[in-house]
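Numbering (this note's numbering), first residue to last: 5 to 83.
Shown next, in structure tokens, is the structure this report addresses.
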Amino acid sequence: MNWMKDLYSIYQKLDATGFEEVKKEILKAQVYGCNAGEVYYLVLQQLVMIKKDKVQIYEVIKGEVESIIHQSKSMIYLN
Numbered sequence: 005m006n007w008m009k010d011l012y013s014i015y016q017k018l019d020a021t022g023f024e025e026v027k028k029e030i031l032k033a034q035v036y037g038c039n040a041g042e043v044y045y046l047v048l049q050q051l052v053m054i055k056k057d058k059v060q061i062y063e064v065i066k067g068e069v070e071s072i073i074h075q076s077k078s079m080i081y082l083n
């Protein structure tokens, strides 16, 4: 699960840069998932929203976000 490593890195960066509210939004999505696929999908949804609507925050976590988005392309159950 490389995406979990990326997510952990995102959380660290958000903490270090003072974007705790954004971290809480992502964590909330993570908690609401019932299984691994749903958790991934909900977190991915949050990250895509950040990419579109919160450019300043996206720039801080861009590498990890793009890695997670890229990984979704190889997951059959999301296609």
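Beta carbons are placed, not taken as given, at the ideal position from N, Cα and C, and that holds for glycine.
Fair warning: this is a prediction, and the values are worked out from it, not measured in the lab.
Contact between the segment 13-23 and the segment 35-45 is absent, with fewer than three C-beta pairs closer than 8 Å. Every alpha helix (DSSP H) of 4 residues or more that sits fully in the segment 11-63 is shown, in chain order, as 24-36 and 40-57. About 6 Å separates the Cβ atoms of isoleucine 61 and isoleucine 54, confirming a contact at the 8 Å cut-off.
Glutamine 34 and valine 47 have their C-alpha atoms roughly 6 Å apart. A distance below 7 Å between beta-carbons, with the five flanking residues on each side excluded, links serine 13 to the following residues of its chain, in chain order: Glu68.
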